[in-house]
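So the sequence shown is numbered by my numbering: it starts at 904 and just counts up by one. By construction, the Cβ of each residue, glycine as well, lies at the ideal position given by its N, Cα and C atoms. Below is one structure, written out as structure tokens; comments come after it.
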Amino acid sequence: MHRLLPPAAALLLVLACLPARADLALAKARNCMACHNVERKIVGPSFKAIAKKYAGQNVNDRLAQKIVKGGSGVWGPVPMPANSQVSDADAKALAAWITELK
């Protein structure tokens, strides 16, 4: 048992250092799906519409900031509220995932 602790601790350290990987499960966990959908507009634009609008542009950092801090004026009159419960790493991962959707 004691021989397993150092390798297990090392594995946990490596996993903690990996960048967050975003997907639909993370979007659901961070409550993004309350206003967004992958395919269609709900309150906010669909994730695919966001990906299409910003295709070929380097916008992941800007979108990550919008996820955390909120914003308005880009997709109509309804502002996106701030999401302070979303970490910067998760916001960056979500932005990258959204912009990669086809």
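Query, Result
"How big is the Cα-Cα spacing for Gly-973 and Met-936?", "15 Å"
"Please list the segments of the alpha helix (DSSP H) lying wholly inside the region 924 to 983, counting only runs of 4 or more residues, in order along the chain.", "927 to 932, 950 to 956, 963 to 972"
"Which class does Ala-994 belong to by DSSP, given the choice of helix, strand or coil?", "helix"
"If you draw a straight line from the C-alpha of Met-983 to the C-alpha of Arg-906, how long is it?", "50 Å"
"Assuming Ala-998 and Ala-954 are in contact, meaning their beta carbons sit under 8 Å apart, how far apart are those beta carbons, in whole angstroms?", "With a Cβ gap of about 10 Å, Ala-998 and Ala-954 do not count as contacting."
"Rounding to the nearest angstrom, what Cα-Cα distance links Leu-929 and Asp-993 in this structure?", "8 Å"
"Since Val-941 contacts Lys-951 with CB under 8 Å, what's their CB separation in whole angstroms?", "6 Å"
"Let me know the secondary structure DSSP gives Ala-999 once reduced to three states.", "helix"
"Let's test the definition: count the other Cβ atoms within 10 Å of the Cβ of Ser-987 and tell me whether it reaches 16, buried, or not, exposed.", "exposed"
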